[in-house]
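Worksheet: one structure, shown below.
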């Protein structure tokens, strides 16, 4: 399922478009694990040089660098923004719906609002999560159960390096 979600994002990106309003209701999964993207009326479409913006979004799937926006009206999204949402969807699939920025707070302002934790890159499963102020919840599935390269892709997607050097692409997943 995760691979098929990534493949559908890759197809959108190959055509110069952006999903934009990425969230858990963006797709349907068939019995054969095929994925169909839905809610396509909110895609950001580049058609013949005219850009049709995606002006909506779900805060829990909005990347850290966009959390301070009061509105998406007039804002041009990028593939890297989609890549954050894609990584989140894949994390949800692999970890039973758990959010990577949800966990046990270690500092007073952590754990109060998911949007704040996302904005401050408080990835609970990060290799330096103690410094970030949030650790995984009790009885969590350890990331070490994943292949090392997948664990590294989540680290890249959910920390500052994803903004600085880019998050893993749909094709990379």
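In full-length UniProt numbering, the protein residues as written are 1 to 173.
Beta carbons are placed, not taken as given, at the ideal position from N, Cα and C, and that holds for glycine.
In this text the structure is predicted, and so the values were computed from the model without any measurement.
Residue i: buried (16+ other C-beta within 10 angstroms of its C-beta) or exposed?
i           : result
residue 23  : buried
residue 21  : buried
residue 142 : exposed
residue 128 : exposed
residue 133 : buried
residue 79  : buried
Per DSSP, residue i forms a beta bridge with which residues?
i           : result
residue 105 : 134
residue 120 : BP columns for residue 120 are empty, so no partner.
residue 52  : 45
residue 163 : According to DSSP, residue 163 bridges with nothing at all.
residue 18  : 44
Mind checking which residues open and close the alpha helix (DSSP H) that includes residue i?
i           : result
residue 88  : 79–94
residue 150 : 148–158
residue 228 : The structure shown does not extend to residue 228, since the chain is modelled only from 1 through 173, so no value can be given for it.
Just reading off the beta strand (DSSP E) that residue i is part of, what are its end residues?
i          : result
residue 47 : 45–47
residue 29 : 27–29
residue 37 : 35–37
Roughly how far, in whole angstroms, is the beta-carbon of residue i from the beta-carbon of residue j, given that I think they are within contact range, below 8 Å?
i           : j           : result
residue 99  : residue 60  : 7 Å
residue 26  : residue 12  : Contact flag wrong, Cβ pair sits at about 11 Å.
residue 33  : residue 1   : 5 Å
residue 5   : residue 90  : 7 Å
residue 35  : residue 8   : 5 Å
residue 124 : residue 135 : 6 Å
residue 110 : residue 122 : 6 Å
**Prompt:** So, do the region 43–58 and the region 13–28 have three or more beta carbon pairs nearer to each other than 8 Å?
**Reply:** Look at the beta carbons and you see the region 43–58 touching the region 13–28: at least three pairs across the two are nearer than 8 Å.
**Request:** Could you tell me whether the region 105–116 touches the region 145–157, using the rule of 3 or more Cβ pairs below 8 Å?
**Result:** The region 105–116 makes no contact with the region 145–157; the number of CB pairs closer than 8 Å stays below 3.
**Message:** Does the structure place the region 163–171 close enough to the region 83–102 that three or more beta carbon pairs sit under 8 Å?
**Reply:** Note that the region 83–102 touches the region 163–171; at least 3 beta-carbon pairs, one per stretch, sit closer than 8 Å.
**Request:** Would you check if there are 3 or more beta carbon pairs closer than 8 Å linking the region 61–72 to the region 134–148?
**Result:** No: the two stretches stay apart, fewer than three of their Cβ pairs being nearer than 8 Å.
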